[in-house]
Amino acid sequence: MGEWRQFVQSVFIGLIVSYLIAKLISIVLSFQEHNLRGDSVGNQSNPLQSEPKLILDDLGNSKAESSRVNAEESVVVDKGKAASENTLVGDDDSDDDWEGVESTELDEAFSAATSFVAAAAADRLSQKVSNDVQLQLYGLYKIATEGPCSTPQPSALKMTARAKWQAWQKLGAMPTEEAMQKYIEIVTDAISFLGNWINY
């Protein structure tokens, strides 16, 4: 009887240890895949859209990691030129010509707002803004630049990544223009808040 008990106990402990080792290996592989996939996707995707990132450490403090390229206006203008060059003289479909022109002001304001957020993060002014507002800005930025959330939910162990994903997912299929406008409104409110805080 004692031998069976010892055998069952050894098997049980062996299963637990093998499960923990398998879980550790899967976590390591997911980190490696995430890094490789992030590098390869980042190089293959649109190089003009690198986003400003706020990295929150365990205490909720933010560190800046910004590499924003402000060429979005030129892309919109180039698209407008291409559309106007391809339009025939007698073509009644001239609404496409104005699409890039109408959104240029909004794109410029959005670009300025994202530049401000990146600069504020670099100056550590973002510590004065709540985490909820930072996550809302992240979600709006992702909607404005990439559209609705289409990435799988991150692991529960990656709490910051999951919080960002949830902020993006929560916005659903919000239109790009609406996301840009809300982003600009929040940044404008944050500017006035930070301006009042700095004056004191």
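Numbering (the UniProt record's numbering), first residue to last: 1 to 200. Ideal Cβ placement from N, Cα and C applies to all residues, glycine included.
Is there contact here, the region 185-193 with the region 152-161, by at least three beta-carbon pairs under 8 Å?
no
Taking one C-beta from the region 161-168 and one from the region 135-144 each time, how about it: are there three or more such pairs within less than 8 Å?
yes
Considering only their Cβ atoms, is the gap separating L106 from M180 smaller than 8 Å?
yes
If distances are taken between C-alpha atoms only, which option among Q136, G172 and D123 comes closest to P148?
G172
Euclidean distance between Cα positions of S18 and V8
15 Å
Secondary structure of L140, DSSP reduced to three states:
helix
Just to check my reading of the structure: F110 and A144 have Cβ atoms closer than 8 Å, yes? What is that Cβ distance to the nearest angstrom?
6 Å
Coarse secondary structure for T151, derived from DSSP in three states
coil
For T114 and N131, I'd like the C-alpha separation in whole angstroms.
17 Å
Can you tell which of E178, K158, I191 and T176 has its C-alpha closest to the C-alpha of V28?
K158
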